[in-house]
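Count the first sequence with my numbering and you get residues 126 to 722, in order.
For each residue, glycine too, the CB sits at the ideal point set by N, CA and C.
Bear in mind the structure is a predicted one, so any value in this text is a computation, not a measurement.
Structure first, commentary second.
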Amino acid sequence: MAEVSPEERHLRLIGELDCDPTPLATLRHSTSHVMAQAVKRLFPGVKVAIGPAIDDGFYYDFAKAEPFTPEDLVKIEAAMAEIVAANLPFERQELDRAAAIAFFRERGEPYKVEILEGLDAPRVSLYRQGDFIDLCRGPHVRSTGEIKAFKLLSSSGAYWRGDERNPMLQRIYGTAWLSQEDLDKHLWRLDEAKKRDHRKLGRELELFVFHDVAPGAPFWLPRGMTVFRQLEAYWREVHDANGYLETSTPILVNKKLWEQSGHWDHYSDNMFKLEVEEQTFGLKPMNCPESTFVYRHALRSYRDLPLRVAEIGRLHRNERSGTLTGLFRVRQVTMDDAHIYCRPDQVQDEITSVLGLIRQFYKLLNLEPRFKLATRPDDYMGTIEMWDGAEHGLHEALKANGLAYELKPKDGAFYGPKIDIHVEDVLGRDWQIATIQLDYNLPERFQLEYVDADGHAKRPVMIHRAIFGSFERFIGMLTEHVAGAFPTWLAPVQARVLPVSQKHEDYARAVHARLRAARVRAELDDRNEKLGYRIREAQVQKVPYMMIVGQQEREAGTVSLRHRSGEELKGVPVDRVLADLAREISSRASDLTVGRP
RNA sequence: GCCGGGGUAGCUCAGAGGCAGAGCAACUGAUUCGUAAUCAGUAGGUCGCGGGUUCGACUCCCGCCCCCGGCUCCA
126 MAEVSPEERH LRLIGELDCD PTPLATLRHS TSHVMAQAVK RLFPGVKVAI
176 GPAIDDGFYY DFAKAEPFTP EDLVKIEAAM AEIVAANLPF ERQELDRAAA
226 IAFFRERGEP YKVEILEGLD APRVSLYRQG DFIDLCRGPH VRSTGEIKAF
276 KLLSSSGAYW RGDERNPMLQ RIYGTAWLSQ EDLDKHLWRL DEAKKRDHRK
326 LGRELELFVF HDVAPGAPFW LPRGMTVFRQ LEAYWREVHD ANGYLETSTP
376 ILVNKKLWEQ SGHWDHYSDN MFKLEVEEQT FGLKPMNCPE STFVYRHALR
426 SYRDLPLRVA EIGRLHRNER SGTLTGLFRV RQVTMDDAHI YCRPDQVQDE
476 ITSVLGLIRQ FYKLLNLEPR FKLATRPDDY MGTIEMWDGA EHGLHEALKA
526 NGLAYELKPK DGAFYGPKID IHVEDVLGRD WQIATIQLDY NLPERFQLEY
576 VDADGHAKRP VMIHRAIFGS FERFIGMLTE HVAGAFPTWL APVQARVLPV
626 SQKHEDYARA VHARLRAARV RAELDDRNEK LGYRIREAQV QKVPYMMIVG
676 QQEREAGTVS LRHRSGEELK GVPVDRVLAD LAREISSRAS DLTVGRP
């Protein structure tokens, strides 16, 4: 694609007309205009709203009484292809804002008029291709013929200006790439993502199920619970070694507590409440208020700090029904929480050590963390000075650790700003997982104190942090990240012993018993099925190791080892298998190493 | 919560105002097998839930629940 000269997009407007001038974003933005043109051609009555480039493509919002159907999308795509084939030039035109308002009013485009009325620029730009003219800052490709590879993906409702009080528009999503090859690759990724969907894998691998009777809360099956437990075990190991003290606090708590913490004022829409003997109770949506009871249980000295109080707590949040999505968005959340009470002079070191823990966990699972600083929301508690101080503290900690970060303005918790940690999975999708929150508010609300070296009572600072974030979301993400093929230490079934025929059952049983004695999660598949069938089943279940035993193996005291990767290693002594497995599991290796030279 | 699409056997899905279907899985039997699906038979259902229309409803109408794709919100 040709370079876009700066003068072609010199006009600076603010608001929703932002457009990233990189070639790919420009192409997508242009494709959205072509789509709007096609829609106007096929459905003359619709009104156009906005149509930006987004991460993997573009969308355009239209005001239309009836939603678009899949058949509509096919027709629109065909009309777009015609527009592309016609190779219409994109022509830029500038005019006074008032003239633009008159122009769009005359054309019956109320959304464009509304946008223009909200702008403070004296002049605006329009782009035309063929018979279609749109308010737009640009830039665009030179002509529609430069659009080579695009596809419409879906349609759905979307609120005008993203506000649920506004009318709902019809949005069409599409994707566009610089080459057909890139488009194909993207479509492959979408397809791959569908195959890895944790909801599908969760069922197939028997990790968990959902049921109508408990929307937003999984039933963990034995295999899924094994993954859960192994993550917990690792978590406890690391936290024990890092000076954390584990606690457990009540789930059903009197409203009084939530009033004191501020949750009743700032979070009550998300809380499940119930009446018990004329008192109002709430299921805890967060652990923090109750954590302060652990702190206050004893008189704290400056020597006791930092006090690191951890809790794997089961939380309930009343998420709106339409937002629930598998393990990614649940109503019952198991959070690996901890609250660090420290002196102001300890904050930087504590945050640094939490960042270190997060990097340690994520490295083990081959996840690349990305850091985002979320600042004061509109509905905040406390004073601006407190917030400025806390935001500064988090910024300093990120800087001191040499971590680049993005800003998420107004996205902090109501009691304090946070560093949110996101990861990108193998398919390039982004998940928010861990969080570190700096809080001067709750210590104030709960009148927390410690006795300082000078004998005076001082107020501690509270750091809230979670590494997995929620076990639910984390396991969902991890399942998709590894496509169900968990590293051996996490795999629900680590090895499956397959006798060639029932004649070799005794030896198979002996091998299986030795594996179990070595605390390997091993299964014996001696069903009356052909070997090929049982191999296929183990393969589909992503069992890391299949151990096939027959006459030869029995005589030699070996197994024929088959990795789930398909790799075969014949005649591996059972002793060797046990030793290698023990090493692989205890080191929590991510690769399959057993029997390899 | 909002817009749209769905809910039929454990799973994937077909069907449709007049006896509820298939494949896989399960169970039984035969086969005793060397690296990704052996053969035969059997069993399996409140067609999401509740109401209505009808001689008759899985099918049509109304309400609700749940799921999916988005929006909004979020770990």
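Check                                                                                                                            : Outcome
Pick from C467, L370 and G527 that is closest to R425, judged by C-alpha positions                                               : C467
First through last residue of the beta strand (DSSP E) which encompasses R495                                                    : E493 to A499
Own chain residues within Cβ distance below 6 angstroms of L198, not counting five before or after                               : L277
According to DSSP, residues forming a beta bridge with R217                                                                      : Y252
Where the alpha helix (DSSP H) containing R153 begins and where it ends                                                          : P148 to L167
With 16 other Cβ atoms within 10 Å as the buried cut-off, status of L251                                                         : buried
Terminal residues of the alpha helix (DSSP H) in which F272 lies                                                                 : Residue identity differs from the one stated: residue 272 is Ile in this sequence, not Phe. That residue, I272, is in no alpha helix (DSSP H); it is neither H nor E in DSSP.
With 16 other Cβ atoms within 10 Å as the buried cut-off, status of T156                                                         : buried
Pairwise C-alpha distance: T374 and L694                                                                                         : 50 angstroms
Segment contact, 8 angstroms Cβ cut-off, at least three pairs: the region 266-273 with the region 240-249                        : no
Inside the region 657-711 only - beta strand (DSSP E) runs reaching at least 3 residues                                          : 670-674, 683-688 and 693-698
Selection from T560, I710, R679 and I558 that minimises the alpha carbon distance to Y359                                        : I710
Cut-off 6 angstroms between Cβ atoms - residues of its own chain near D259, not counting five sequence neighbours on either side : H158 and Y252
Distance, G438 Cα to Q404 Cα                                                                                                     : 23 angstroms
Selected residue, minimal CA-CA separation from F496, among G507, V548 and G451                                                  : V548
Counted within 10 angstroms of its Cβ, other Cβ atoms place N566 as buried (16 or more) or exposed                               : buried
Beta-carbon spacing of D564, C413 below 9 angstroms                                                                              : yes
Which residues DSSP lists as bridging E521, in chain order                                                                       : DSSP output for E521 lists no bridge partner at all.
Proximity to P451 [Cα-Cα], best of M396, A463 and F344                                                                           : Looking at the sequence shown, residue 451 is not Pro but Gly. The residue with the shortest Cα to Cα distance from G451 is F344.
Inter-residue CB distance, F187 and H391 (contact presumed, cutoff 8 angstroms)                                                  : At roughly 37 angstroms, the Cβ-Cβ gap does not stay under 8 angstroms, so F187 and H391 are not in contact.
Neighbour-count burial assignment, E128, 16 or more Cβ in a 10 Å radius                                                          : Note that E128 scores a pLDDT of 33, beneath 50, so its modelled location is shaky and nothing firm can be said.
Unbroken alpha helix (DSSP H) run spanning V363, endpoints                                                                       : P347 to A366
T459 vs F275 beta-carbon contact at 9 angstroms                                                                                  : no
For T560, the first and last residue of its enclosing beta strand (DSSP E)                                                       : D555 to D564
Integer Cβ distance of F397 from H441, believed to fall under 8 angstroms                                                        : 5 angstroms
Three-state secondary structure assigned by DSSP to S478                                                                         : helix
Beta-carbon proximity check, D550 vs L492, cutoff 9 angstroms                                                                    : yes
Cross-strand partners of A283 (DSSP beta bridge)                                                                                 : L294
Cβ neighbours of Q346 in the same chain (closer than 7 angstroms, five flanking residues each side left out)                     : According to the sequence shown, residue 346 is Leu rather than Gln. Once the five neighbours on either side are set aside, the close Cβ partners of L346 are E331, L332, F333 and V334.
Reduced DSSP category for A611 - H, G, I as helix; E, B as strand; rest coil                                                     : Going by the sequence as given, residue 611 is Phe instead of Ala. F611 falls in the coil class under three-state DSSP.
Cβ-Cβ distance between V699 and T683 below 9 angstroms                                                                           : yes
Sub-9 angstroms separation of S280 and P192 beta-carbons                                                                         : yes
The region 585-602 touching the region 616-634, judged by at least three CB pairs closer than 8 angstroms                        : no
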